[in-house]
Amino acid sequence: MILKKKKIPYGLHNIDDEDIQSVLNVLKDGPITQGFIVEKFGQAIADYTGAKYGVAVSSGTAALHMSVAALDIGPGDEVITTPLTFCATPNSALYQGAKVQFVDIDKDTLNIDPSLIESKINENTKAIMPVDFRGHPSNLPEIKEIAKKHGLRIIEDGSHSIGSNYSHLDKKYACGDCMHVDLCTYSFHPVKHITTGEGGAILTNDLNLYEKIHLMRKHGIDRREEMFSEKKRIGSWIYDMELLGFNYRITDFQAALGLSQLKKIEKNKFRRNQIVKYYNNHFSNIDELILPYEAENVDSNFHIYVLQVKDNSRYDRYDLFNYLQSKDYLPMVHYIPVHYLDYYKKNFGYKHGDFPISENYYERAISIPLYPSLKDEEVEKVVEDIINFFKSN
Ligand SMILES: *Cc1c(COP(=O)(O)O)cnc(C)c1O
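Residue numbering for the sequence shown follows the working numbering, beginning at 84 and increasing consecutively.
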């Protein structure tokens, strides 16, 4: 029998014995869902980022969908987002019957280019959905200015950016503190910074939005005290449905894992930054590569490490990808621009050339291994192998 060597992926979750014990405790003592640990986890995420309120939910996609729904965005409305994201971002608007307007990215940050947003605003526009791609915060202060001018709301897709910070006019901000946005969503899928298996969260400083989303997570069903105190024949079965909601609940054992994982954000971020420094130092000598950009005012969690292979007559990103895959790695490309996806092309008529900066980036990009449990020897091996690729080509 040939033992297959385990390949090194581009990203990997990091679960330790303490995490496992915290899940076991809930499984043994219950309740395993609809208990207080879910509420505690939601609030703990808010406390970590500095937002007032947090709701833990079943996925990042659920978080995005409820954010759009909570802002009453529906048929006839439009939202603006970037094509360089996972399809869940624009899909969340489509779920509600709204229309999506894509705005191309800034070639350095790879986030939505604020200077292009206004050209896509019309009387139907309701919200802007910036995505903090790679963990690098979007230019939220500038996006807020635009939103204020046009009376729009902002939903930050922070799936990559828990633990990232930025400064603006000498003040410090954290992704998820909601100082420049109405709502921020997180994902706790295993490739994200911290994980609950599947899971997500919505953060806000707006009490009304918080209460609405909290209700929406469980079918819009409410069981308030006053329902029981009315002078009529009632019992503890009584509930009422106040709005059309969903079942987007996360379980208590997942929330316990999340609470335990939350304690490790800084440690994970530190290790990621160590690896990034090592990569940057060694790759900066390779002329054919564009290294990940970090704006001066940004302190990123480095969710993924994206290299770009410059236009070159001898080889390209596809060659580098195949080379790494033929060795011991599972590299990735983030992302196929959403307007390239069949559903978007068929239904909305998008074509190549519509968003040239995203498209050029996509042809060059490759995500190489970056996660907290990556060992020094592995990091050194990645560097050695990539240097060899460029030497021998
Ligand atoms: C992961 C991700 C999502 C979706 O999160 P799920 O938890 O997988 O539903 C949405 N947007 C971005 C940018 C993501 O990376």
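Cβ atoms here follow ideal geometry from the backbone N, Cα and C, with glycine treated the same way.
Computed from a prediction, not measured in an experiment: that's the story for all the values here.
Give the straight-line distance between the Cα atoms of Val274 and Gly282, rounded to the nearest whole angstrom. Locating residue 274 in the sequence shown gives position 191, where the first residue counts as 1. Locating residue 282 in the sequence shown gives position 199, where the first residue counts as 1. Distance between the alpha carbons of Val274 and Gly282: 12 Å.
Excluding five sequence neighbours on each side, which residues of the same chain lie with their C-beta closer than 7 Å to the C-beta of His297? On the sequence shown, residue 297 is found 214 positions in, with the first residue counted as 1. Cβ within range, chain order: Val138.
By Cβ distance below 7 Å, which residues in the same chain neighbour Lys88 in space, the five residues on each side in sequence not counted? One-based indexing of the sequence shown puts residue 88 at position 5. So the qualifying residues of the chain are Asp411.
Starting from the C-beta of Ala338, find all residues in its chain whose C-beta is less than 6 Å away, skip the five residues before and the five after it, and write them out in chain order. For this step, residue 338 is matched to residue 255 along the sequence shown. Cβ within range, chain order: Ile120, Val121, Phe124 and Ala139.
Rounded separation between Arg447 and Thr208 - CA only: Numbered from its first residue, the sequence shown carries residue 447 at position 364. Numbered from its first residue, the sequence shown carries residue 208 at position 125. The alpha-carbon atoms of Arg447 and Thr208 are separated by roughly 32 Å.
Using only CA atoms, which one of Leu407, Asn368, Tyr445 and Gly280 lies nearest to Ser343? What you label residue 343 is simply residue 260 of the sequence shown in a count that begins at 1. Residue Gly280 is the option with its Cα nearest to Ser343.
How is the alpha helix (DSSP H) around Asp425 delimited, first residue to last? Locating residue 425 in the sequence shown gives position 342, where the first residue counts as 1. Asp425 to Phe431 is the extent of the alpha helix (DSSP H) around Asp425.
Can Val274 be considered in contact with ligand 1, in the sense that its beta carbon sits closer than 8 Å to one or more heavy atoms? For the purposes of this step, residue 274 is taken as residue 191 along the sequence shown, with counting starting at 1. The answer is yes for Val274.
Below 8 Å, is the gap between the Cβ of Asp240 and the nearest heavy atom of ligand 1? As a working note, residue 240 is residue 157 in the sequence shown. Answer for Asp240: yes, Cβ within range of ligand 1.
By the 10 Å Cβ neighbour count, where 16 or more other Cβ atoms means buried, how is Arg400 classified, buried or exposed? Taking the sequence shown and counting its residues from 1, one reaches residue 400 at position 317. It counts as buried.
Which listed residue (Thr116, Asp130, Ile115 and Pro173) has its alpha carbon closest to that of Phe431: Taking the sequence shown and counting its residues from 1, one reaches residue 431 at position 348. Closest option to Phe431, Cα to Cα, is Pro173.
I need the boundaries of the alpha helix (DSSP H) containing Ser150, first residue and last residue. Indexing the sequence shown from 1 puts residue 150 at position 67. Element bounds for Ser150: Gly143 to Ala153.
Through-space distance from Val421 to Asp130, alpha-carbon basis: Your numbering for residue 130 matches position 47 in the sequence shown. Your numbering for residue 421 matches position 338 in the sequence shown. The alpha-carbon atoms of Asp130 and Val421 are separated by roughly 33 Å.
Which of the three DSSP states is assigned to Tyr93 in this structure? Translated into the one-based positions of the sequence shown, residue 93 becomes position 10. When secondary structure is reduced to three states using DSSP, Tyr93 falls in the coil class, being assigned neither helix nor strand.
With distances taken from CA atoms, which of Ile419, Leu154, His251 and Asp260 is nearest Tyr136? Here the question's residue 136 lines up with position 53 in the sequence shown. That would be Asp260, whose Cα lies nearest to the Cα of Tyr136.
Suppose contacts are defined by Cβ-Cβ distances below 9 Å. Is Ile195 in contact with Ile226 by that definition? In the sequence shown, the residue the question calls residue 195 occupies position 112. In the sequence shown, the residue the question calls residue 226 occupies position 143. Cβ distance < 9 Å, so Ile195 and Ile226 count as in contact.
So what does DSSP say about Ile373, is it helix, strand or coil? Start at 1 with the first residue of the sequence shown, and residue 373 comes out as number 290. Ile373: strand per DSSP, three-state reduction.
Taking the DSSP output, what are the residues bridged to Glu161? Translated into positions along the sequence shown, residue 161 becomes position 78. Answer is Lys182 and Thr208.
Report yes if the C-beta of Phe169 is less than 8 Å from at least one heavy atom of ligand 1; otherwise report no. The sequence position of residue 169 within the sequence shown is 86, counting from 1. Yes; taking the cut-off as 8 Å, the Cβ of Phe169 has a heavy atom of ligand 1 nearer than that.
Rounded to the nearest angstrom, what separates Ser150 and Ile369 at their Cα positions? Mapped onto the sequence shown, residue 150 falls at position 67. Mapped onto the sequence shown, residue 369 falls at position 286. Whole-angstrom Cα-Cα distance: 43 Å.
May I ask whether a heavy atom of ligand 1 can be found less than 8 Å away from the beta carbon of Ser441? Position 358 of the sequence shown, counted from the start, is the residue given in the question as residue 441. Ser441: no, Cβ never under 8 Å from ligand 1.
Proximity winner among Ile373, Phe271, His386 and Glu371, relative to Ile358 (alpha-carbon distances): As a position in the sequence shown, residue 358 is number 275, starting the count at 1. Checking every option, the nearest Cα to that of Ile358 belongs to His386.
As assigned by DSSP and simplified to three states, the class of Arg332: The count along the sequence shown starts at 1 and reaches residue 332 at position 249. Three-state DSSP puts Arg332 in coil, outside helix and strand.
Measuring CA to CA, which of Val462, Tyr423 and Asp99 is closest to Thr278? The residue given as residue 278 occupies position 195 in the sequence shown. The shortest C-alpha separation from Thr278 is found at Asp99.
Per DSSP, which one or two residues make a beta bridge with Arg300? As a first step, residue 300 is located in the sequence shown; it is residue number 217 there, counting from the start. Per DSSP, none; premise fails for Arg300.
Can you say whether Arg236 is buried or exposed, counting buried as having 16 or more other CB atoms within 10 angstroms of its CB? On the sequence shown, residue 236 is found 153 positions in, with the first residue counted as 1. Looking at its Cβ environment, which holds 16 or more other Cβ atoms inside 10 Å, Arg236 is buried.
Between His365, Ser456, Ala230 and Leu266, which has its C-alpha nearest Thr132's C-alpha? Stepping through the sequence shown from its first residue, residue 132 is reached at position 49. Of all alpha-carbon atoms in His365, Ser456, Ala230 and Leu266, the one lying nearest the alpha-carbon of Thr132 is that of Leu266.
Based on Cα-Cα distance, which residue from Asp323, Asp335, Tyr388 and Gly303 lies nearest to Arg41? One cannot answer for residue 41 here, as it falls past the ends of the chain, which runs 84 to 476.
Inter-residue CB distance, Asp160 and Ala181 (contact presumed, cutoff 8 Å): Within the sequence shown, numbered from 1, the residue matching residue 160 stands at position 77. Within the sequence shown, numbered from 1, the residue matching residue 181 stands at position 98. That belief holds up - the Cβ atoms of Asp160 and Ala181 are roughly 4 Å apart, short of 8 Å.
Just checking Ala145 against ligand 1 - is the residue's beta carbon closer than 8 Å to any of the ligand's heavy atoms? Residue numbering aside, residue 145 sits at position 62 when the sequence shown is read from its first letter. Yes.
Just verifying my parser: in three-state terms, what is the DSSP assignment at Lys346? The residue given as residue 346 occupies position 263 in the sequence shown. Coil at Lys346, not helix or strand.
Candidates Ile103, Asn363 and Ala176, of which the one nearest Leu374 by Cα: Position 291 of the sequence shown holds residue 374. Closest option to Leu374, Cα to Cα, is Asn363.
With Ala139 as the anchor, note down where its beta strand (DSSP E) starts and where it stops. Position 56 of the sequence shown, counted from the first residue, corresponds to residue 139. It spans Tyr136 to Val140 - the beta strand (DSSP E) in which Ala139 sits, taken as one unbroken run.
Limits of the beta strand (DSSP E) - the one that Asn479 falls within: Residue coverage of the chain in this structure runs from 84 to 476, which leaves residue 479 outside it and unanswerable.
Cβ of Phe216 within 8 Å of any heavy atom in ligand 1? Here residue 216 corresponds to residue number 133 of the sequence shown, with the count starting at 1. At a cut-off of 8 Å, the beta-carbon of Phe216 counts as near ligand 1: some heavy atom of the ligand is closer than that.
In terms of residues, what are the limits of the alpha helix (DSSP H) holding Val121? The residue labelled residue 121 in the question sits at position 38 within the sequence shown. Looking at the DSSP string, the run of the alpha helix (DSSP H) that includes Val121 is Phe119 to Thr132.
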